[in-house]
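In the working numbering, the protein residues as written are 210 to 290.
Each remark here refers to the structure printed beneath this line.
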């Protein structure tokens with residue numbers, strides 16, 4: 210759609226006024242029934258496939274252990290407030 214727009218309107222720009230018309234076609238195709246079914250199948254949601262997502266993806270997060278922050282003096286603290 211964007212390529213057609215630029216081909217037929219080479220001097221035009223995409224603006225707030227025409228972006229919805231240009232993007233709506235892609236949006237409708239991406240959210241078609243057939244695409245949504247494929248997305249749910251790949252994710253293992255429907256039909257349920259417990260092997261679609263590896264168990265390693267469900268490990269608990271690890272806390273960040275970095276350098277101790279530099280202490281802020283009372284004089285520097287007053288500048289922040």
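Glycine included, each C-beta is placed from N, C-alpha and C at the ideal position.
- Taking C-beta atoms under 8 Å as the contact rule, residue 252 and residue 261 qualify, at a distance of about 6 Å.
- The three-state reading of DSSP puts residue 270 in coil, since its state is none of H, G, I, E or B.
- The alpha helix (DSSP H) runs of length 4 or more contained entirely in the segment 216-285 are, from start to end of the chain, 228-239, 242-252.
- Each residue's CA atom was taken as its position, placing residue 241 and residue 257 some 21 Å apart.
- Residue 237 has its alpha-carbon roughly 19 Å from the corresponding atom of residue 250.
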